[in-house]
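Remarks on the structure that follows.
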Amino acid sequence: MIPAAAVGAKAAARSLAAGAVLAACFAGGTMAGGLDEMTGCWISRAFDATSLLSDSSDAGSAELVHEKMLLRFDRIEGTEHLAFGRIFEWDEPKSYVLGPTYQNGAYNPAADFLTFGFPEGGLDHVTQPDADSLLYVHTKSSTKSAMSVRPLVRIGCEEADDIEADLLARQEALKTD
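Heads up: the sequence shown runs through residues -16 to 160, numbered per the numbering used here.
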């Protein structure tokens, strides 16, 4: 049988060890690489499902669309945990192109996730499973509710510039059609 004092000492030692591990994680400011590891240019892997609801009193107003997203953002200079960026969204047949939609972001270093918000929109949550991917959970509620989970992959920002130019040209063409 182990004396109670020994059990208490072991528990205290485990608590100190756990505290030391957490302190080491936070010594660099964030866990798992932090906000700077997340910044850059990202695109959807595929046309992901988005659930839309335009009237909360009418189940018939629900629809499902498949969209891609281009995301680019950076840390706001002079801050540790704030970001600013923009997104574009478009459907597979390119019958619409939305954006740029500008958004503010706040990174939570304790939980290792980023939250984006935009006027008349919702709160989108971003996590980083590995260095070259993000998981972007889109939650918008304004004129309509839009919900989706979008796996994103890192792309070069020069490639993002080309995609953005193509999307803006398509957006202009749709206005004249």
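Don't be surprised by glycine CBs; every beta carbon is placed ideally from N, CA and C.
Taking Cβ positions, are residue i and residue j nearer each other than 8 Å?
i     : j      : result
Ile26 : Lys51  : yes
Pro92 : His121 : no
Ala32 : Ser116 : no
Leu54 : Tyr119 : yes
If you draw a straight line from the C-alpha of residue i to the C-alpha of residue j, how long is it?
i      : j      : result
Val4   : Leu135 : Residue placement at Val4 is poorly supported in this model, since its pLDDT is 32, which falls under 50; the coordinates still yield a value, given next. If I take the Cα positions, the gap works out to 30 Å.
His49  : Phe96  : 25 Å
Asp38  : Leu47  : 14 Å
Gly16  : Gly23  : 14 Å
Leu35  : Gly139 : 31 Å
Ala129 : Gly82  : 15 Å
Glu141 : Leu151 : 15 Å
Asp160 : Thr98  : 36 Å
Glu60  : Ala143 : 21 Å
Asp94  : Ala29  : Here residue 94 turns out to be Ala, not Asp, going by the sequence shown. Roughly 27 Å separates the two Cα atoms.
Thr62  : Arg137 : 23 Å
If you drop the 5 nearest sequence neighbours on each side, which residues of the same chain put their C-beta closer than 6 Å to that of residue i?
i      : result
Gly100 : Asn87, Leu106
Ala66  : Phe56, Arg58, Gly88
Tyr85  : Arg69
Gln154 : Val80
Val109 : Leu97, Leu117, Tyr119
Tyr90  : Leu18, His64, Leu97
Within its chain, find whatever has a CB closer than 8 Å to the CB of residue i; leave out the 5 residues flanking it on each side and keep chain order.
i      : result
Glu20  : Gln111, Ala114
Ser78  : Leu157
Glu164 : Since the first residue shown for the chain is -16 and the last is 160, residue 164 is missing from the structure and cannot be characterised.
Whose C-beta lies closer than 7 Å to the C-beta of residue i among residues of the same chain, with five residues either side of it excluded?
i      : result
Ala6   : No answer about Ala6 holds up, because its pLDDT of 34 lies below 50 and its placement is not dependable.
Arg133 : Ser27, Asp31, Met52, Tyr119, His121
Is it true that the segment 39 to 47 meets the segment 69 to 81, where meeting means three or more beta-carbon pairs spaced less than 8 Å apart? No, the segment 39 to 47 does not touch the segment 69 to 81.
Count Cβ pairs between the segment 146 to 154 and the segment 123 to 133 that sit closer than 8 Å; are there 3 or more? Under the three-pair Cβ rule at 8 Å, the segment 146 to 154 does not count as touching the segment 123 to 133.
Let me know the alpha helix (DSSP H) ranges lying completely inside the segment 22 to 110, each 4 residues or longer, listed in chain order. Entirely contained in the segment 22 to 110, not one alpha helix (DSSP H) run reaches 4 residues.
At 3 residues or longer, and completely inside the segment 116 to 149: list those beta strand (DSSP E) runs for me, N to C. If we require 3 residues or more, the beta strand (DSSP E) runs fully inside the segment 116 to 149 come out as 116 to 124, 128 to 138.
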